[in-house]
Amino acid sequence: MADKLTTQSGQPWANNQHSLTAGERGPVLMQDYQLLEKLAHFDRERIPERVVHAKGAGAKGVFKLTHDMSQYTKADLFNGENKETPLAVRFSSVAGESGYPDTIRDVHGFSVKFYTEEGNYDIVGNNTPVFFINDPLKFPDFIHSQKRDPRTHKRDANMQFDFWAHSPESIHQVTYLMGDRGNPTSFRTMNGYGSHTYKWVNADGEQFWVKYHFISNQGVSNMSNELAAKLASEDTDYLQNEMFNAIEDGDYPSWTLSVQIIPYQEGLDYKYDIFDVTKTVSHKDYPLHEVGVMTLNANPDNYFEDVEEIAFSPANLVPGIEPSMDKLLQGRLFSYKDAARYRLGANYEQLKPNRPRNEVHNYARDGFMAQHQDGSVNYEPNSQGGPVEDPHASITGDMFQGMTGAYEPYDTDYYSAAGRLYNIMSEDEKQRLVETFKGNLGTIDSLENKQLMVQQMARADMDYGKRVAEAIGVNIDDIDI
Ligand code: HEM
134 MADKLTTQSG
144 QPWANNQHSL
154 TAGERGPVLM
164 QDYQLLEKLA
174 HFDRERIPER
184 VVHAKGAGAK
194 GVFKLTHDMS
204 QYTKADLFNG
214 ENKETPLAVR
224 FSSVAGESGY
234 PDTIRDVHGF
244 SVKFYTEEGN
254 YDIVGNNTPV
264 FFINDPLKFP
274 DFIHSQKRDP
284 RTHKRDANMQ
294 FDFWAHSPES
304 IHQVTYLMGD
314 RGNPTSFRTM
324 NGYGSHTYKW
334 VNADGEQFWV
344 KYHFISNQGV
354 SNMSNELAAK
364 LASEDTDYLQ
374 NEMFNAIEDG
384 DYPSWTLSVQ
394 IIPYQEGLDY
404 KYDIFDVTKT
414 VSHKDYPLHE
424 VGVMTLNANP
434 DNYFEDVEEI
444 AFSPANLVPG
454 IEPSMDKLLQ
464 GRLFSYKDAA
474 RYRLGANYEQ
484 LKPNRPRNEV
494 HNYARDGFMA
504 QHQDGSVNYE
514 PNSQGGPVED
524 PHASITGDMF
534 QGMTGAYEPY
544 DTDYYSAAGR
554 LYNIMSEDEK
564 QRLVETFKGN
574 LGTIDSLENK
584 QLMVQQMARA
594 DMDYGKRVAE
604 AIGVNIDDID
614 I
């Protein structure tokens, strides 16, 4: 038998089809509280969408450790044998709103929340190993250029390339974005990268730099511009539906998580700045070490609760895993939790998908929607047996010395990594890359911006610059390479 209808406060509800009126043809009565409550709740149904990565899909699953990493990190989830950690993921695209077609070319977000025994650990990455900029001060401007024009309210290649043309550090990631990875066939066929360098610390206090790689066990596959455009017009939620249906059918996608491990001092002395997220670290120098396998085996029970209300943050770290001095990462450590407080409220960590599986003990109290409070002591120091500090979670030190200042990037080689990426592409991939630039960079109004873009490409690799110049009708001899 179906449940009986109630109001939000649990009172039985007699009529959900007809408002109370003064007589058969009279006006609605103020005393129809059920009507007022229903409309008032409806009026508040929407919350702010994510300022970036608004369009996305989520799933739940498990991480199974296949290799004990205790030699490198004391992080509980990476220590032991065959340890299993429940998790939730959200895959997304960056620039569009929450109803935007998900097959429009974009970088794709790859967020994982591990519910470890020592609290939540999040890896908030993308399907590309690098990023467009390396200073958090530039992030709002970068995103403004990728979203809608303030006057016309349309997305505009003129704005996008205006920013990139004047931010040469972006050429590596722009090459990824305009290459095949900008259009994954499926969320299941894209790799995920932590992108930044993070620090791992073992139980003896030894420090290592690591870079995370989630390699798709479905293989990487991408779709053509034509297919992506067709799907965008036929099914705005194509990628979301594709993953949902696979999981619903029991075809569970999995990724093998591996890390590049770089000894502490070697990392500081490496030939490229490993704390600059526009650059990669060579796999020949530092090969992948397998850690475990992530499998997605359940869809959300409720999209709003499991996916819209989940809040990832690179600041969700656990003992044994620490940030590096990567400037962009440092900015992100603040921005995500701040965004969650605005988007979801001060007590967003009490919402179901954000609640850790272990118990929370601290002196934070109250605020909008606070739940699960008791009468225990709410200040420290105290003599009442309140929770005490855990030295196991102390962070390790790094030695810095220098004058404060707004410094240029430490490593100003913006181009060679993009050249290496271009050169590992097959001839077919190169052709598609050039065609894609023809279809977007080729349409912008500013000749100067076209030339600046070709200059970046030619500095990365002359063949890259020449071919794009020819495709978009720019004379490469007019450009100072
Ligand atoms: C989402 C800020 C760089 C990946 C977000 C959100 C903010 C943000 C405010 C929305 C969070 C929310 O409402 O819950 C920034 C800033 C950056 C930066 C300030 C640089 C200073 C990056 C980088 C990556 C990245 C380098 C990848 C390596 C993501 C992903 C999401 C996201 C995947 C979606 C998270 C989800 O699924 O809920 N970012 N971001 N962001 N960002 Fe960033």
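Numbers 134 to 614, taken from our numbering, label the letters of the sequence shown in order.
Glycine included, C-beta positions come from ideal geometry on N, C-alpha and C.
I want to check one thing, is the minimum distance from the CB of Gly189 to the heavy atoms of ligand 1 below 6 angstroms? Here residue 189 refers to the residue found at position 56 of the sequence shown. Yes, Cβ of Gly189 sits closer than 6 angstroms to a heavy atom of ligand 1.
Straight-line CA distance for Gly191 to Met163? Position 58 of the sequence shown holds residue 191. Position 30 of the sequence shown holds residue 163. Computed Cα separation, rounded: 42 angstroms.
Does Pro219 come out as helix, strand or coil in the three-state DSSP assignment? To locate residue 219, count along the sequence shown from 1; it is residue 86. Correct three-state label for Pro219: strand.
Could you please give the first and the last residue of the uninterrupted beta strand (DSSP E) stretch that includes Lys188? Counting from 1 along the sequence shown, the entry for residue 188 is found at position 55. For Lys188, the enclosing beta strand (DSSP E) has its first and last residue at 188-198.
Report all residues from its chain with a CB closer than 7 angstroms to the CB of Ala379; omit the five preceding and five following residues, and keep chain order. As a first step, residue 379 must be located in the sequence shown, where it is residue number 246. Excluding the 5 residues flanking it on each side, Ala379 has same chain C-beta neighbours closer than 7 angstroms at Arg321, Pro386, in chain order.
Looking at Pro452: is its Cβ nearer than 7 angstroms to the Cβ of Leu466? Taking the first residue of the sequence shown as position 1, residue 452 is located at position 319. Taking the first residue of the sequence shown as position 1, residue 466 is located at position 333. Result no, Cβ atoms of Pro452 and Leu466 do not sit closer than 7 angstroms.
Bounding residues of the alpha helix (DSSP H) (the contiguous stretch that carries Ser278): Counting from 1 along the sequence shown, the entry for residue 278 is found at position 145. Its alpha helix (DSSP H) spans residues 272-279.
Same chain only: Cβ atoms within 8 angstroms of Arg474, ignoring 5 sequence neighbours per side: In the sequence shown, residue 474 corresponds to position 341, counting from 1. If we look at Arg474 and ignore the five residues flanking it on each side, its Cβ neighbours are Tyr481.
For His186, is the beta carbon positioned less than 6 angstroms from some heavy atom of ligand 1? If you number the sequence shown from 1, residue 186 lands on position 53. For ligand 1, at least one heavy atom lies less than 6 angstroms from the Cβ of His186.
State yes or no: is the C-beta of Pro269 nearer than 6 angstroms to some heavy atom of ligand 1? Counting from one through the sequence shown, the residue named residue 269 turns up at place 136. Yes - ligand 1 has a heavy atom lying nearer than 6 angstroms to the Cβ of Pro269.
Excluding the 5 residues preceding and the 5 following Asn259 in the sequence, name in chain order all residues of the same chain whose CB lies nearer than 7 angstroms to its CB. Indexing the sequence shown from 1 puts residue 259 at position 126. So the qualifying residues of the chain are Val240, His241, Gly242, Phe243, Tyr326, Ser328.
Which same chain residues, not among the five before or five after Asn355, have their C-beta less than 7 angstroms away from its C-beta? Within the sequence shown, numbered from 1, the residue matching residue 355 stands at position 222. Answer for Asn355: Asp313, Arg314, Asn316, Pro317, Thr318, listed in chain order.
Do three or more CB pairs link the segment 369-379 to the segment 507-522 at distances below 8 angstroms? The segment 369-379 vs the segment 507-522: no contact.
Contact criterion: CB-CB distance below 7 angstroms. Does Glu178 meet it with respect to chain C? In summary, chain C is missing from the structure at hand, where a single protein chain is found.
Should Val245 be listed as close to ligand 1, given that the test is whether its C-beta is under 6 angstroms from any heavy atom? Numbered from its first residue, the sequence shown carries residue 245 at position 112. No, the Cβ of Val245 stays beyond 6 angstroms of every heavy atom of ligand 1.
Count the other CB atoms within 10 Å of the CB of Val521; is the residue buried (16 or more) or exposed (fewer)? Position 388 of the sequence shown, counting from 1, holds the residue named residue 521. It is exposed - the Cβ of Val521 has fewer than 16 other Cβ atoms within 10 Å.
For Asn487 and Ala444, what's the separation of their Cα atoms in angstroms? Residue mapping note: residue 487 aligns to position 354 of the sequence shown, counting from 1. Residue mapping note: residue 444 aligns to position 311 of the sequence shown, counting from 1. Between Asn487 and Ala444, the C-alpha separation is close to 7 angstroms.
CA-to-CA distance, His416 to Val410, given in whole angstroms: Residue 410 sits at position 277 when you count from the first residue of the sequence shown. Residue 416 sits at position 283 when you count from the first residue of the sequence shown. Rounded to whole angstroms, Val410 to His416 spans 16 angstroms at the Cα level.
Using alpha carbons as the reference points, say which of Asp255, Glu438, Met134 lies closest to Tyr331. The sequence position of residue 331 within the sequence shown is 198, counting from 1. For Tyr331, the nearest C-alpha among the options comes from Asp255.
Please report the straight-line C-alpha distance between Gly189 and Val222, rounded to a whole angstrom. Taking the sequence shown and counting its residues from 1, the one referred to as residue 189 is at position 56. Taking the sequence shown and counting its residues from 1, the one referred to as residue 222 is at position 89. Whole-angstrom Cα-Cα distance: 10 angstroms.
Check whether the Cβ atoms of Leu574 and Phe265 sit closer than 7 angstroms, and answer yes or no. Locating residue 574 in the sequence shown gives position 441, where the first residue counts as 1. Locating residue 265 in the sequence shown gives position 132, where the first residue counts as 1. No, Cβ-Cβ distance for Leu574 and Phe265 is not below 7 angstroms.
From Met558 to Met595, what does the alpha carbon distance come to, in whole angstroms? Residue 558 sits at position 425 when you count from the first residue of the sequence shown. Residue 595 sits at position 462 when you count from the first residue of the sequence shown. Roughly 15 angstroms separates the two Cα atoms.
Hey, would you say Thr413 sits closer than 7 angstroms to Pro301, going by beta carbons? Here residue 413 corresponds to residue number 280 of the sequence shown, with the count starting at 1. Here residue 301 corresponds to residue number 168 of the sequence shown, with the count starting at 1. In this structure, Pro301 does not lie closer than 7 angstroms to Thr413 by Cβ.
Compute the minimum distance between the beta carbon of Tyr331 and the heavy atoms of ligand 1, and state whether it is under 6 angstroms. On the sequence shown, position 198 is the one that residue 331 refers to. A distance criterion of 6 angstroms places the beta-carbon of Tyr331 beyond contact range of ligand 1, judged by its closest non-hydrogen atom.
For Leu310 and Arg238, I'd like the C-alpha separation in whole angstroms. Within the sequence shown, numbered from 1, the residue matching residue 310 stands at position 177. Within the sequence shown, numbered from 1, the residue matching residue 238 stands at position 105. When rounded, the distance between both Cα atoms is 8 angstroms.
In the DSSP assignment, find the beta strand (DSSP E) that holds Gly425 and state where it starts and stops. Mapped onto the sequence shown, residue 425 falls at position 292. Run containing Gly425: 421-431, per the beta strand (DSSP E) assignment.
Pairwise C-alpha distance: Gln306 and Glu541: Within the sequence shown, residue 541 is the residue found at index 408, counting from 1. Within the sequence shown, residue 306 is the residue found at index 173, counting from 1. For Glu541 and Gln306, the distance between alpha carbons rounds to 19 angstroms.
Can you find a heavy atom of ligand 1 that lies under 6 angstroms from the Cβ of Ala444? Reading the sequence shown from its first residue, position 311 is the one you call residue 444. True, at least one ligand heavy atom lies under 6 angstroms from that Cβ.
Can you tell me which of the three DSSP states Pro104 falls into? This structure does not reach residue 104, given that the chain is present from 134 up to 614, and the question cannot be answered.
7 angstroms Cβ shell around Asp578 - same chain, five flanking residues per side excluded: Here residue 578 refers to the residue found at position 445 of the sequence shown. Excluding sequence neighbours, Asp578 sits near Asn291.
Kindly indicate which residue of Trp388, Phe408, Gly213, Asn432 has the alpha-carbon position closest to the one of Tyr397. Within the sequence shown, residue 397 is the residue found at index 264, counting from 1. When the alpha-carbon of Tyr397 is set against those of Trp388, Phe408, Gly213, Asn432, the nearest one is in Phe408.
Name, in chain order, the residues that DSSP records as bridge partners for Arg288. Taking the sequence shown and counting its residues from 1, the one referred to as residue 288 is at position 155. Arg281, per the DSSP bridge assignment.
Determine the direct distance from the alpha carbon of Asn515 to that of Arg498, and round the result to whole angstroms. In the sequence shown, residue 498 corresponds to position 365, counting from 1. In the sequence shown, residue 515 corresponds to position 382, counting from 1. Cα atoms of Arg498 and Asn515: separation of roughly 16 angstroms, rounded to the nearest angstrom.
Please return the same chain residues whose Cβ sits closer than 7 angstroms to the Cβ of His90, not counting the five positions on each side in sequence. Lying before the first or after the last residue shown, residue 90 is absent from the chain, which here runs from 134 to 614.
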